[in-house]
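Q: Here it is, the structure in full.
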Amino acid sequence: MGSAAWRLGAEDPDDPTFYPAFDDMGESALQRLMTELLRPLIARFLAERGILAFVGADQFIYWIKGNAKAVVAPDVYVMPGLPSDVAPRCWKVWQTGVAPSFALEIIAEEDENKDVSQSPQRHDELGTRELVVFDPYVDVRSGRTRFRVHRRDERGKLVVVEATNADRVWSEVLGCMLRAVGGGDAMRLRLAVDAEGEELFPTEAEAAQEAARNAERKAEEAREAELAARETLDAERVARRNLELELARMRAELERLRR
Numbered sequence: 042m043g044s045a046a047w048r049l050g051a052e053d054p055d056d057p058t059f060y061p062a063f064d065d066m067g068e069s070a071l072q073r074l075m076t077e078l079l080r081p082l083i084a085r086f087l088a089e090r091g092i093l094a095f096v097g098a099d100q101f102i103y104w105i106k107g108n109a110k111a112v113v114a115p116d117v118y119v120m121p122g123l124p125s126d127v128a129p130r131c132w133k134v135w136q137t138g139v140a141p142s143f144a145l146e147i148i149a150e151e152d153e154n155k156d157v158s159q160s161p162q163r164h165d166e167l168g169t170r171e172l173v174v175f176d177p178y179v180d181v182r183s184g185r186t187r188f189r190v191h192r193r194d195e196r197g198k199l200v201v202v203e204a205t206n207a208d209r210v211w212s213e214v215l216g217c218m219l220r221a222v223g224g225g226d227a228m229r230l231r232l233a234v235d236a237e238g239e240e241l242f243p244t245e246a247e248a249a250q251e252a253a254r255n256a257e258r259k260a261e262e263a264r265e266a267e268l269a270a271r272e273t274l275d276a277e278r279v280a281r282r283n284l285e286l287e288l289a290r291m292r293a294e295l296e297r298l299r300r
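Each residue of the sequence shown is one higher than the one before, counting from 42 in the numbering used here.
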């Protein structure tokens, strides 16, 4: 099938398999809030660097034609080289020829095993280049790990390259750090753009606020410069007037002496 087919969501008449676009499995409010913040951050971050990609969240991705059980639904994922404005009901890798370059799985509080053991295996089969498994509950559940970063080894297998309880990890695919900020129900995942992971990539609202502050600062600088220029002009006028008065006084004095 051509690219127009998957963009339009057309079904393959030669494939009778039903591929659901959603299921009845819920997710926690914390997971939803995290993905709602992070997905547009990644999309803007890549777009501002001229990287063409579709950044999605919680969509089914199938990788074996005819097998509806070969599926994952990452909390956040990046489809490289695809336009950002497509809206397929689900993804079928055999149609697009594209697997995620990056995927994030957020661990549920009660079901740690699914994302720690099952998800990496499925992403390995799918062809995901980099998988980050994040556990927001390490502070309330003992024996768990905050970040597990998986990448392809020399054999092409998706393996754990970093497991840490630190608050930030490097994403090779994104070219920045993923950083956990806040705590408890207020915990969120952000992008950090400097080498130490301190400088957060701003949300759209934060960027707008910073732009407004910069505009106000420039306007204030312009007002101060205009006031300084006026004060300088007024001082020059006063000095010129004083000089004219002094010259007039000297001419009068000279005229008086001549008499």
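The beta-carbon is built from N, C-alpha and C at its ideal position, and this holds for glycine as well.
What you are looking at is a predicted structure, and each value in this text was computed from that prediction instead of being measured.
1) Checking 8 Å against the spacing of the C-beta atoms, do A207 and L167 come in under that value?
2) Buried or exposed: V112, going by 16 or more other Cβ atoms within 10 Å of its Cβ?
3) Using the three-state DSSP reduction, which class does E294 fall into: helix, strand or coil?
4) Pull up the distance between the alpha-carbon of R299 and that of R264, whole angstroms please.
5) By the DSSP assignment, the beta strand (DSSP E) with A98 in it spans what residues?
6) Hey, would you say R209 sits closer than 8 Å to L219, going by beta carbons?
7) Would you check if there are 3 or more beta carbon pairs closer than 8 Å linking the region 69-79 to the region 118-132?
8) Going by DSSP in three states, A256 sits in which element: helix, strand or coil?
9) For A233, list the residues DSSP reports as bridge partners.
10) Keeping to the same chain, check which residues put their C-beta closer than 6 Å to that of L241; ignore five residues upstream and five downstream.
11) Please return the same chain residues whose Cβ sits closer than 6 Å to the Cβ of E52, not counting the five positions on each side in sequence.
12) Among A204, F101, A88 and E89, which has the Cα closest to the Cα of P61?
13) Under DSSP, the beta strand (DSSP E) around P121 begins and ends at which residues?
14) Cα-Cα, which of R297, E151 and W211 is closest to A203?
15) Would you give the residue range spanned by the alpha helix (DSSP H) that A70 belongs to?
16) So for E151, helix, strand or coil by DSSP?
17) Within 10 Å of its beta-carbon, does E294 have 16 or more other beta-carbons around it, so buried, or fewer, so exposed?
18) In chain order, what residues of the same chain lie with their CB nearer than 8 Å to the CB of G224, ignoring the 5 residues before and after it?
A: Looking at the coordinates:
1) no
2) buried
3) helix
4) Going by the C-alpha atoms only, they are around 52 Å apart.
5) Where A98 is concerned, there is no enclosing beta strand (DSSP E), given that its DSSP letter is neither H nor E.
6) yes
7) In short, these stretches do not touch, since the Cβ pair count stays below three.
8) helix
9) In the DSSP output, where bridge partners are listed per residue, A233 has M218 and L241.
10) R231 and A233
11) none
12) F101
13) V117 to P121
14) In the sequence as presented, Ala is not what sits at residue 203; that position holds Glu. When only C-alpha atoms are compared, the closest one is W211.
15) A70 to E89
16) coil
17) exposed
18) D180
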